[in-house]
Amino acid sequence: MNFGLILRAFAASAVVAAGGATLPAHAQLVKIDGSSTVFPITEAIAEDFQQSQRGKIRVTVGISGTGGGFKKFCRGETDISNASRPILKSEMDACKAAGVDYYELPVAYDALTVVMNPGNTWVKSLTPAELKKMWEPAAQGKIKTWKQVNAAWPDQPLKLFGPGADSGTFDYFTEAVTGKAKSSRGDFTASEDDNVLVTGVARDVNALGYFGFAYYTENKDKLKAVPIASAAGKPAVYPSTENVENGSYQPLSRPIFIYISAKSLQRPEVKQFLDFYMKNADALVREVKYVPLPQRVYQYNLEHIAKQQLGTRFGGENKVGLTIDDLVKLEAKL
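Structure (structure tokens):
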């Protein structure tokens, strides 16, 4: 599956169904938007679901970032919102004001991946403190070279690439690294399209960026993942399925979600899509190189809906450092 081509196709046309096939105009429609990180999972689900429906149901998947997706979702414009972080308090308020009730469904875990150009020979690993020195607001206009971050590194320009402000990945990374969501220097190349970030880092030996694990695995021939030490003196750990599952890749492991409108879920086509999503999530999450959740979490999702457990279990904020075991315990509370 070529995510780059698919992403460009979706950016060009929001009315093209997942997988690039245009379906009959009379088909029932499920509208999805939001996170580019969650996109590969939902796109893979949508593609298989549409094939199973033989043209009866059309699923469109847009990419406007987690924040952009919630804006549309809370205006009632979409049925499902892809999100690479939990819904925030301001977004909860917007949904409440518009009368949009929702179910929060974790679908996978992501190893948010810091990447550099393969020609970078000086960085062996990074600590949160070094990442903070690069990315904090105080670095803007001041931290311009690699040597300013670590005296052992060369006096060469530091070129940074990252998601835009509507991205949930931006929110999570900034909170994990600087201690406050959206607290970041502004003088970096930003894009909601992760493939733009991939290209930028791949072209410049002095570049560093970050995005979801699936985009790294799809482009590992062009990029190097940077091992992350959870703190100074701790062993550096590469992003991997094993290290997410055992809880050692911190603080950049995170759950990723879909949010479903309770009103939309009353429509048979949306309910069918949701059931298909939960039944096939394990296999398709693996296929697109994210970390699937324990099967009981997908069952918890369906139980939450059956018992009308609306809303979020995150209180309107991120929970940095949450392991899969932590998430299982959280979701088990019905």
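The sequence shown: position 49 = 55 (the working numbering), numbered continuously. Backbone N, C-alpha and C define an ideal beta-carbon position, used for all residues, glycine too. Being a predicted model, the structure only gives us computed values, none of them experimental.
(request) In the DSSP assignment, find the unbroken beta strand (DSSP E) run with GLN34 in it and report its ends. (result) 34-40
(message) When you compare the stretch 40-60 with the stretch 72-80, are there three or more beta-carbon pairs, one atom per stretch, that lie closer than 8 Å?
(response) yes
(request) Please report how far the alpha carbon of SER259 lies from the alpha carbon of ASP210, in whole angstroms. (result) 26 Å
(request) Just tell me which of SER96, LEU118, ASP193, THR318 has its CA closest to the CA of ILE266. (result) THR318
(message) Measuring straight from C-alpha to C-alpha, what distance separates ALA50 and GLN154?
(response) 42 Å
(request) Report the option in TYR115, ILE47, ILE69, GLN57 whose CA atom is closest to the CA atom of ILE262. (result) TYR115
(message) Beta-carbon within less than 7 Å of THR223's beta-carbon, same chain only, minus the 5 sequence neighbours each way: which residues are those?
(response) LYS295
(request) Taking TYR306 as part of the beta strand (DSSP E), name the residues at either end of that continuous run. (result) Looking at the DSSP string, TYR306 is not in any beta strand (DSSP E); the run it does join, the alpha helix (DSSP H), is 301-312.
(request) Report yes if the C-beta of SER131 is less than 7 Å from at least one heavy atom of the ligand SAM; otherwise report no. (result) With respect to the ligand SAM, the structure shown offers nothing to examine, as it has no ligands at all.
(request) Jot down the residue ranges of each uninterrupted beta strand (DSSP E) in the stretch 127-192, minimum 3 residues, whole runs only, in chain order. (result) 165-168
(request) Please confirm whether SER1 and GLN256 have their CB atoms less than 8 Å apart. (result) The structure shown does not extend to residue 1, since the chain spans only 7 to 340, so no value can be given for it.
(message) Let me confirm a value: LYS165 is counted as buried when at least 16 other C-beta atoms fall within 10 Å, else exposed. Which label applies?
(response) buried
(message) For PHE225 and GLY322, I'd like the C-alpha separation in whole angstroms.
(response) Here residue 225 is Asn; the residue named in the question, Phe, does not match the sequence. About 33 Å.
(request) Go ahead and label THR119 buried or exposed: buried means 16 or more other beta carbons lie within 10 angstroms of its beta carbon, across all protein chains shown. (result) buried
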